[in-house]
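Some notes on the structure that comes next.
Protein chains: 2
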Amino acid sequence: MKALVIVAHGSRRSQSNDEVRELAQRLRASSKGRFAYVGCGFLELAEPSIPASIQLAIESGADQVVVLPYFLSAGRHVSEDIPAEVRIMRELHPDIDIRIAPYLGAAAGVVELLLSQVE
Amino acid sequence: MKALVIVAHGSRRSQSNDEVRELAQRLRASSKGRFAYVGCGFLELAEPSIPASIQLAIESGADQVVVLPYFLSAGRHVSEDIPAEVRIMRELHPDIDIRIAPYLGAAAGVVELLLSQVE
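So the sequences go chain by chain: G and Y. For the first sequence, the residue numbers in the numbering used here are 13 to 131. For the second sequence, the residue numbers in the numbering used here are 13 to 131.
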């Protein structure tokens with residue numbers, strides 16, 4: 013059973029965090045059963061934390077968890093902080109396949125999406 | 013003549029700023045002549061600034077400049093800081109149509125793009 017956890021930075025503005033939670037809901041609706049569980053987690057300033065969000069996915073029955081960084085650039089958060097949080101959970105759950113997908117900004121389709129914003 | 017200026021936050025990591033500059037190049041290649049000029053600007057920590065990037069677009073001959081915020085959430089930068097920078101340039105150039113497109117995170121297609129990252 014596969015789970016998807018979208019991870020964002022987290023903000024002092026609760027509205028920004030709610031945007032991410034709503035996005036997780038839209039992902040859940042759009043993934044059409046590819047993921048039995050879709051959740052979200054935050055690096056800081058909001059709950060659940062990334063380890064807690066992965067834990068929730070595992071408790072839902074997932075044996076594979078895909079962590080998807082909702083970030084635009086490959087800064088320290090993407091290259092170091094998120095992998096460090098994921099490492100903690102891999103050590104706690106060596107039987108679960110926890111992988112990190114490429115961050116959003118790395119998607120080839122981002123150019124087309126940007127152009128669609130200026131139609 | 014239309015110009016497109018993608019605006020990002022800017023980072024202390026020069027690599028992140030270069031990612032945005034490369035994105036502007038890809039937008040230039042993909043926009044297939046819809047925009048005679050495509051540039052980028054930064055809110056802070058990198059050059060050119062947003063007013064300077066709009067100025068460059070105007071000097072290239074644009075009479076319409078579309079400012080496209082490369083941001084994922086509608087925080088203060090999107091709701092206040094970018095509009096304030098744009099306002100300065102509208103006052104300096106009342107004859108130029110300077111508009112702000114919806115920020116990237118508001119795009120309906122972001123869900124599909126995220127799902128394409130976990131293929």
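We put the beta carbon where it would ideally sit given N, CA and C, even for glycine.
Say whether chain G places a C-beta atom closer than 7 angstroms to the C-beta of residue i.
i: Glu31 (chain Y); result: yes
i: Arg38 (chain Y); result: yes
i: Pro114 (chain Y); result: yes
i: Ser72 (chain Y); result: no
i: Ser28 (chain Y); result: yes
i: Ser65 (chain Y); result: no
Given a cut-off of 7 angstroms, decide if residue j and residue i are closer than it, judged by their beta-carbon atoms.
i: Ile70 (chain Y); j: His105 (chain Y); result: yes
i: Val77 (chain Y); j: Ala15 (chain Y); result: yes
i: Leu125 (chain G); j: Gly121 (chain Y); result: yes
i: Val98 (chain G); j: Val123 (chain G); result: no
i: Val130 (chain Y); j: Ala86 (chain G); result: no
i: Asn29 (chain G); j: Ala64 (chain G); result: no
i: Arg102 (chain Y); j: Ile94 (chain Y); result: no
i: Arg25 (chain Y); j: Cys52 (chain Y); result: no
Contact criterion: CB-CB distance below 7 angstroms. Does residue i meet it with respect to chain Y?
i: Arg25 (chain G); result: yes
i: Gly121 (chain G); result: yes
i: Gly45 (chain G); result: no
i: Leu55 (chain G); result: no
i: Leu80 (chain G); result: yes
i: Ser91 (chain G); result: no
i: Ser42 (chain G); result: yes
Thinking C-alpha only, which one of the options is nearest residue i?
i: Ile100 (chain Y); options: Y:Arg33, Y:Ser23, Y:Gln67, Y:Ala113; result: Y:Gln67
i: Val50 (chain G); options: G:Tyr115, G:Val17, G:Ser91; result: G:Val17
i: His21 (chain G); options: G:Glu34, G:Leu84, G:Arg46; result: G:Leu84
i: Gln27 (chain G); options: Y:Ala113, Y:Ser91, Y:Arg25; result: Y:Ser91
i: Ala36 (chain Y); options: Y:Tyr82, Y:Ile94, Y:Arg88, Y:Arg25; result: Y:Tyr82
i: Phe54 (chain G); options: G:Ser43, G:Glu31, G:Lys44; result: G:Glu31
i: Ser72 (chain G); options: G:Glu34, G:Ile108, G:Glu56; result: G:Ile108
i: Ala74 (chain G); options: G:Cys52, G:Ala48, G:Arg24, G:Leu39; result: G:Ala48
i: Tyr115 (chain G); options: G:His89, G:Ser23, G:Leu127; result: G:His89
i: Ser23 (chain Y); options: Y:Glu56, Y:Ser42, Y:Lys44; result: Y:Glu56
i: Leu127 (chain G); options: Y:Ser128, Y:Leu39, Y:Leu127; result: Y:Leu39
What residue does the alpha helix (DSSP H) around residue i start on, and which one ends it?
i: Pro63 (chain Y); result: 62 to 71
i: Val123 (chain Y); result: 122 to 128
i: Leu80 (chain G); result: Unbroken run through Leu80 (chain G) is the beta strand (DSSP E), 76 to 81; no alpha helix (DSSP H).
i: Val17 (chain G); result: Element bounds for Val17 (chain G): not the alpha helix (DSSP H) but the beta strand (DSSP E), 14 to 20.
i: Val98 (chain G); result: 94 to 104
i: Val32 (chain Y); result: 26 to 42
List the residues of chain Y whose Cβ lies closer than 8 angstroms to the Cβ of residue i, in chain order.
i: Leu125 (chain G); result: Leu116, Ala119, Gly121, Val122, Leu125
i: Leu104 (chain G); result: Within chain Y, no residue comes near Leu104 (chain G); the closest Cβ sits about 22 angstroms away, beyond 8 angstroms.
Taking residue i as the query, report the chain Y residues whose CB atoms sit under 7 angstroms from its CB, ordered along the chain.
i: Gly87 (chain G); result: Ser23, Arg25, Ser28
i: Leu84 (chain G); result: Tyr82, Leu84
In chain G, what lies closer than 7 angstroms to residue i by C-beta?
i: Gln129 (chain Y); result: Leu80, Ala113, Pro114, Leu116, Ala119
Below 9 angstroms on C-beta distance, what does residue i contact in chain Y?
i: Ile18 (chain G); result: Leu126
Over what stretch of residues does the beta strand (DSSP E) that includes residue i continue unbroken?
i: Ile110 (chain G); result: 109 to 112
i: Val50 (chain Y); result: 49 to 54
Report whether the distance from the Cβ of residue i to the nearest heavy atom of the ligand MG is below 6 angstroms.
i: Ser61 (chain G); result: In terms of ligand content, the structure shown is empty, and the ligand MG therefore cannot be addressed.
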